[in-house]
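*Asks:* Sharing a structure here in structure tokens format.
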Amino acid sequence: MSRIVTARCMRLALFRIVAGMAALAGLPACGPPRTPENTEAAVVEAVQETPHMSDRELQVRTRLAVALNQEGEWRDALRHLEKLKADRPTWLVHLEYAIALHRSTQGRELVAVREALDQSLEDKPDNARAYAMFGQLYEDESDDANAELAYRKALELRPGEFANHLALARVVDRQDRHEEAAQLLTDAMSQLGETSRGLILLAKALEEAGRIEDAEVAFHKIAEAHADPVKGATLLYQFLVRQHQTLAAQKVATRISKLQEKRTPKRKLRDLIPSPK
219 MSRIVTARCM RLALFRIVAG MAALAGLPAC GPPRTPENTE AAVVEAVQET PHMSDRELQV
279 RTRLAVALNQ EGEWRDALRH LEKLKADRPT WLVHLEYAIA LHRSTQGREL VAVREALDQS
339 LEDKPDNARA YAMFGQLYED ESDDANAELA YRKALELRPG EFANHLALAR VVDRQDRHEE
399 AAQLLTDAMS QLGETSRGLI LLAKALEEAG RIEDAEVAFH KIAEAHADPV KGATLLYQFL
459 VRQHQTLAAQ KVATRISKLQ EKRTPKRKLR DLIPSPK
């Protein structure tokens, strides 16, 4: 089910609760929203305070706000989060409020965003996502030293978050610690395994970090290992074009043409067979 459908289901559920309908069993089944890993458990964990609104409304509003944030509908999310923050604030509410406020105001409310993140961490000190967002804020301010500390803390609390590995490698590389940045990317890759998706993420990250030689090696490996040889070769071709390696790109383009030709004989043969009347 799409996030948009999920949010609509959440809105309907919330409307019925606020309207005072007691028969919640009649709500349409929309399932949990597509949110970051463990968010569903986080919503349940966050229901700890003395209730003003009901537990059910708290859960539905929180899940709706998370879904809206994921969809990029930050202003709509903020409307629900402001009510939650005033009535039944939890660490997750403070975190999602910080995200919605920062995105909807395009970074113009840094003081309020930081206060919300601080409160989220006070309520839940092992909150890796809050540290990761602090890292983003420090990056926006070109404070790579503090961004590094924040990302390291986020990874300490949640080691498997690949996005934070990439972010840490990025800020380390900007501090001219290129070898360390490359090692961080390699370590991150070891967690993903040499899947096509993992190799693509690594190759793009290396390219963005300016590690062009390492990126080229990774893209060549993608071309060799991708389940779809044409797609793998195309990714390599696009990289070579971006790096203005014209001759190498032409060779790969020729390879792509040959790979595509291998796919056509059956189609040509089928075209020769007259269709049944």
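The numbering of the sequence shown is the numbering used here, which starts it at 219 and goes up by one. Glycine included, every Cβ here is placed at the ideal spot set by N, Cα and C.
Between the Cα of residue 477 and those of 391, 375 and 451, spot the shortest distance and give me the residue it belongs to.
*Replies:* 451
*Asks:* Among the candidates 333, 421, 467 and 415, whose CA atom is the shortest distance from the CA of residue 446?
*Replies:* 415
*Asks:* If residue 357 and residue 365 are in contact, beta carbons under 8 angstroms, what's the gap, nearest whole angstrom?
*Replies:* 5 angstroms
*Asks:* On the DSSP letters alone, give me the boundaries of the alpha helix (DSSP H) that residue 416 sits inside.
*Replies:* 414-426
*Asks:* Take residue 402 and list the residues in its own chain whose beta-carbon comes closer than 8 angstroms to its own, dropping the five residues that flank it on each side.
*Replies:* 383, 386, 387 and 390
*Asks:* May I have the straight-line CA-CA distance separating residue 375 from residue 462, to the nearest angstrom?
*Replies:* 41 angstroms
*Asks:* Nearest by alpha-carbon distance to residue 469: which of 438, 481 and 381 is it?
*Replies:* 438
*Asks:* In whole angstroms, give me the CA-to-CA distance for residue 407 and residue 400.
*Replies:* 11 angstroms
*Asks:* In the DSSP assignment, find the unbroken alpha helix (DSSP H) run with residue 345 in it and report its ends.
*Replies:* No alpha helix (DSSP H) holds residue 345; DSSP gives it neither H nor E.
*Asks:* Determine, using beta carbons only, whether residue 368 and residue 380 come nearer to each other than 8 angstroms.
*Replies:* no
*Asks:* Is residue 278 buried or exposed, if buried means 16 or more other CB atoms sit within 10 Å of its CB?
*Replies:* buried
*Asks:* Is residue 428 buried or exposed, if buried means 16 or more other CB atoms sit within 10 Å of its CB?
*Replies:* The residue is exposed, with fewer than 16 neighbouring Cβ atoms inside 10 Å.
*Asks:* So, for residue 480: in the same chain, excluding its five sequence neighbours on each side, which residues have a beta-carbon less than 7 angstroms away from its beta-carbon?
*Replies:* none
*Asks:* For residue 455, collect the residues of the same chain with a Cβ closer than 8 angstroms to its Cβ; drop the 5 residues on either side in sequence, then sort them by chain order.
*Replies:* 467, 470, 471 and 474
*Asks:* Roughly how many whole angstroms lie between the Cα atoms of residue 292 and residue 345?
*Replies:* Near 21 angstroms, if we compare the C-alpha coordinates of residue 345 and residue 292.
*Asks:* Return the residue from the list 284, 313 and 418 that minimises the CA-CA distance to residue 340.
*Replies:* 313
*Asks:* Comparing alpha-carbon positions, which option in 417, 331 and 280 lies nearest residue 319?
*Replies:* Put simply, of 417, 331 and 280 the residue whose alpha carbon is nearest the alpha carbon of residue 319 is 331.
*Asks:* Return helix, strand or coil for residue 291, following the three-state DSSP convention.
*Replies:* coil
*Asks:* My guess is that residue 436 and residue 417 are in contact by the Cβ rule of under 8 angstroms, so how many angstroms apart are they, rounded?
*Replies:* Correct: roughly 6 angstroms between the Cβ atoms.
*Asks:* Report yes if the CB atom of residue 350 is closer than 8 angstroms to the CB atom of residue 335, and no otherwise.
*Replies:* no
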